[in-house]
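Accompanying notes for the structure given below.
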Amino acid sequence: MTHPAADRIVGLYQDKAADWIHDRGAVLRQHEGDWNEAAWLDRFTADWPSGGRVLDVGCGSGWPMGAALLRRGFDVIGLDASPGLIDHARRTLPAGDWRLGDMRDGLPEGDFHGVLAWHSLFHLTPEAQVHVLPALAARVGEGGQLMITAGPAHGEAIGEWRGEPLYHGSLAPEAYRLLLTEAGLTVENSGAQGVWLARRAILSAK
């Protein structure tokens, strides 16, 4: 049975939107800290063209990941289910296209050079991830990349944030690999440091 905290995720981030904005802050950590984010963004965007399109799913307030992508000159569409967080992104990062929505209910249309689900997909149940991950992969255009964060093994883990249970779900590594491969992507980082990075091949000359 799924933990009740799984159903609380959207409400938790809405109720505590101000706390999340405070805790994540506006500055992307350059070397230490959370998940070595700057280095992963460097790897994610290394061969994108100027003005490349990126879909940031579970974008939160837009800080720091969306802001870093905008600073690098990319066209960012962000999707998040928390009205409070999306409102903050719209006010503080007007160059981005910030949309209210739940990734389980559908994604913006089109192909993207990058699709990012950083600290977001892993808040869904394993069952939901099985449906959402192929949809994320389907938005990756030729030569583009998908980057997600995920747990190390199949199951659920309950942490705590701001005094409330915080839900995380994960598939097994072999399940992530299979879903990505079946979606036509080649895995380039298979969960090392909690990060999955996969690319779609260029199939035709431009």
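With our numbering, the residue at position 145 of the sequence shown is 145, and numbering never jumps. In this text, a Cβ means the ideal position worked out from N, Cα and C, and glycines have one as well. From a predicted model like this one, the values you see are computed outputs, not experimental measurements.
| Item | Value |
| --- | --- |
| Three-state secondary structure assigned by DSSP to L116 | strand |
| Presumed contact (8 Å Cβ cut-off) between R199 and T186, rounded CB distance | 5 Å |
| Beta-carbon proximity of V76 to D42, cut-off 8 Å | no |
| Where the beta strand (DSSP E) containing L185 begins and where it ends | 185–190 |
| Beta-carbon spacing of A157, H168 below 8 Å | yes |
| Complete runs of the beta strand (DSSP E) confined to the region 145–169 [at least 3 residues] | 155–161 |
| Residue from A135, L93, A89, P152 with nearest C-alpha to E109 | A135 |
| Backbone secondary structure at R139 - three-state DSSP | coil |
| CA nearest to the CA of R177, picked from R24, W161, L107, P152 | P152 |
| Cβ separation of G114 and T45, assumed to be a contact under 8 Å, to the nearest whole Å | 7 Å |
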